[in-house]
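*Asks:*
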Amino acid sequence: MSWGLAFFALVSQAGCLNTGDITGQMIPHSWRGNPWGPDAEAARRCGRLPSIPSNPSMSAWDAWGRGHLRDGDIVFRMGDARIACGLYPFSQISAEMADSRYSHTGIVAWENGEPVVYDTNKLGPRKQPFPIWVLDVAGGIAVKRPDANNQRFVSGALVFCRDTYQRQVPFDRRLSLDQDQFYCIELTERAYRSAGLVLSEPIRIDHLPRYQHFPKAVWFARHFSPVRPDQSAFVIGNDSIGIWSSRALTLIYEAPDARFPYAEPGEVTARSTDAHSNSGSILR
Numbered sequence: 005m006s007w008g009l010a011f012f013a014l015v016s017q018a019g020c021l022n023t024g025d026i027t028g029q030m031i032p033h034s035w036r037g038n039p040w041g042p043d044a045e046a047a048r049r050c051g052r053l054p055s056i057p058s059n060p061s062m063s064a065w066d067a068w069g070r071g072h073l074r075d076g077d078i079v080f081r082m083g084d085a086r087i088a089c090g091l092y093p094f095s096q097i098s099a100e101m102a103d104s105r106y107s108h109t110g111i112v113a114w115e116n117g118e119p120v121v122y123d124t125n126k127l128g129p130r131k132q133p134f135p136i137w138v139l140d141v142a143g144g145i146a147v148k149r150p151d152a153n154n155q156r157f158v159s160g161a162l163v164f165c166r167d168t169y170q171r172q173v174p175f176d177r178r179l180s181l182d183q184d185q186f187y188c189i190e191l192t193e194r195a196y197r198s199a200g201l202v203l204s205e206p207i208r209i210d211h212l213p214r215y216q217h218f219p220k221a222v223w224f225a226r227h228f229s230p231v232r233p234d235q236s237a238f239v240i241g242n243d244s245i246g247i248w249s250s251r252a253l254t255l256i257y258e259a260p261d262a263r264f265p266y267a268e269p270g271e272v273t274a275r276s277t278d279a280h281s282n283s284g285s286i287l288r
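So the sequence shown is numbered by this note's numbering: it starts at 5 and just counts up by one.
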C-alpha cells in the first residue's frame, strides 16, 4: 500500500499533500482545521494563534519579496513531503516523474502592504506571508510572471484565489479536472483560466516524461489508488509541458536553494539568456 500512496503523491505533485511542512509544525496541537485558512487568519489577528517568529533567512526573504514580487507572480518550490516514517521523499520523486525541478506552486498577492501566497494542500486553500511560505522550500525556488501582454489577467486570477480561500474549496484527492475541488497546481491553472488566460493543457498521467521509470508505483496505483493512469492532470512540468512551459510567463528569479535570496533586496533581477531556458541559472 505504501507504493500506492506514493504513486498518488507522485502524480499529484505531492508537495501539496504534505501536512508535515515546517509551517504546519509551528501550529499548536490544540488548533483544529486549516492552520492557514480564514479562521486561523482571524485567530492570529486577535491573538488566539501565535504569529510565526522570524529568523535571518525569513527577514531576508521578506525584504526580497517586498522589493521584487508583484501581484500575480507564480512561485514554484521543491517541497519535502514524505511518507513511510519520513523515509520516502515523494515530493522529489513526483517532480522527477514529471521531469520538473519543482513540486508545488502558489500565486502572489499584495495585501496589507506585504506579499502573500495563495495555494492549497490537503487541509484546504491557504494564505501565507511570502517569507513563511519560503520556510517549506526544500530545494529550488523560482518565480515566473505573466508578461506585459498578459498582465491584464492578473486581477481576475487573484479574485479567483481569494474566493477559493474564503469558501475553503476542498482539496482534490482524485486529481479530477472537475472544478468543485482543486489540488495545488490545478488551483494555479484554474485561477488564470478563470480570468481568460490558459497557461497549460493537462497531460495524461501515463504520458508523463518519466512515468515508465516507476513501474512498482504504477502497478500499485492500478490496484489501490483512485487515480487512473489514463486520466489527465495539470502538472508543473518543464520547458515542454505543464505550467512551467507557458509562453505567457517570464522567469524573473530561480535559485537552487532558498536559504537566502541570491539577489540583494532592492536589486533589479534580470536574465541575460532566454527566459525559457532550462539551465537552472540563478538570476541576479
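Where a beta carbon is used, it is the ideal one built from N, C-alpha and C, also for glycine.
Just to confirm before moving on: does the CB-CB distance between Leu191 and Thr109 stay below 9 Å?
*Replies:* yes
*Asks:* So, under 8 Å CB-CB, Asn154 and Leu212 are touching, yes? Tell me the CB distance rounded to an integer number of Å.
*Replies:* Not a contact, Cβ separation roughly 26 Å.
*Asks:* Report the start-end ranges of each alpha helix (DSSP H) in the stretch 24–54 that is 4 residues or longer and not cut off at the edges.
*Replies:* Fully enclosed alpha helix (DSSP H) runs of 4 or longer: 26–29, 42–49.
*Asks:* Say whether the stretch 125–135 touches the stretch 254–262, bearing in mind that this needs 3 or more beta-carbon pairs closer than 8 Å, one atom from each stretch.
*Replies:* no
*Asks:* For the structure I just gave you, are there three or more beta carbon pairs, one from the stretch 51–63 and one from the stretch 236–245, closer than 8 Å?
*Replies:* no
*Asks:* Helix or strand or just coil, what does DSSP make of Asn154?
*Replies:* helix
*Asks:* Identify every residue that forms a DSSP beta bridge with Gln132.
*Replies:* Val121
*Asks:* Please classify Glu193 as buried or exposed, where buried requires at least 16 neighbouring CB atoms within 10 angstroms.
*Replies:* buried
*Asks:* Taking all protein chains shown into account, decide if Arg149 is buried (16 or more other Cβ within 10 angstroms of its Cβ) or exposed.
*Replies:* Burial of Arg149 is indicated by the presence of at least 16 other C-beta atoms within 10 angstroms of its C-beta.
*Asks:* Let me know the secondary structure DSSP gives Tyr215 once reduced to three states.
*Replies:* helix
*Asks:* For Leu139, which residues in the same chain have their Cβ closer than 6 Å to its Cβ, ignoring the five residues on either side in sequence?
*Replies:* Taking C-beta separations shorter than 6 Å and ignoring five residues to either side along the sequence, the partners of Leu139 in its chain run Ile26, Thr27, following chain order.
*Asks:* So, are the CB atoms of Tyr257 and Ile111 less than 9 Å apart?
*Replies:* no
*Asks:* Can you name, in chain order, every residue of its own chain whose Cβ lies under 8 Å from the Cβ of Ser55, other than the five neighbours on each side?
*Replies:* Arg48
*Asks:* In three-state terms, what does DSSP make of Gly110?
*Replies:* strand
*Asks:* Which residues in the same chain have their Cβ closer than 7 Å to the Cβ of Val158, if we skip the five residues on either side of it in sequence?
*Replies:* Asp75, Gly76, Pro150
*Asks:* Would His72 be called buried (16 or more neighbouring beta carbons within 10 Å of its own) or exposed?
*Replies:* buried
*Asks:* Express the C-alpha separation of Pro233 and Ser58 in angstroms, rounding to a whole number.
*Replies:* 43 Å
*Asks:* Alpha carbon to alpha carbon, what distance is there between Tyr106 and Ile207?
*Replies:* 17 Å
*Asks:* For a test of the three-state rule: what should DSSP assign to Ser249, helix, strand or coil?
*Replies:* helix
*Asks:* What's the C-alpha gap between Met101 and Gly51?
*Replies:* 43 Å
*Asks:* Do you know how far the Cα of Pro129 is from the Cα of Phe175?
*Replies:* 8 Å
*Asks:* Hey, quick one: how far does the beta strand (DSSP E) through Arg81 stretch, first residue to last?
*Replies:* Where Arg81 is concerned, the enclosing beta strand (DSSP E) stretches over 78–81.
*Asks:* Using a threshold of 9 Å, state whether the C-beta atoms of Glu118 and Gly69 are closer than that.
*Replies:* Using a Cβ distance threshold of 9 Å, Glu118 and Gly69 count as a contacting pair.
*Asks:* Where are the alpha helix (DSSP H) runs, 4 residues long or more, that stay fully inside the stretch 141–208, in chain order?
*Replies:* 158–171, 188–199
*Asks:* Using a Cβ-Cβ distance cut-off of 9 Å, determine whether Gly41 contacts chain B.
*Replies:* The question asks about chain B, but that chain is absent: this structure has only one protein chain.
*Asks:* Buried or exposed: which applies to Asn38, given that a residue is buried once 16 or more other Cβ atoms fall within 10 Å of its Cβ?
*Replies:* Asn38 is buried by the Cβ-count criterion.
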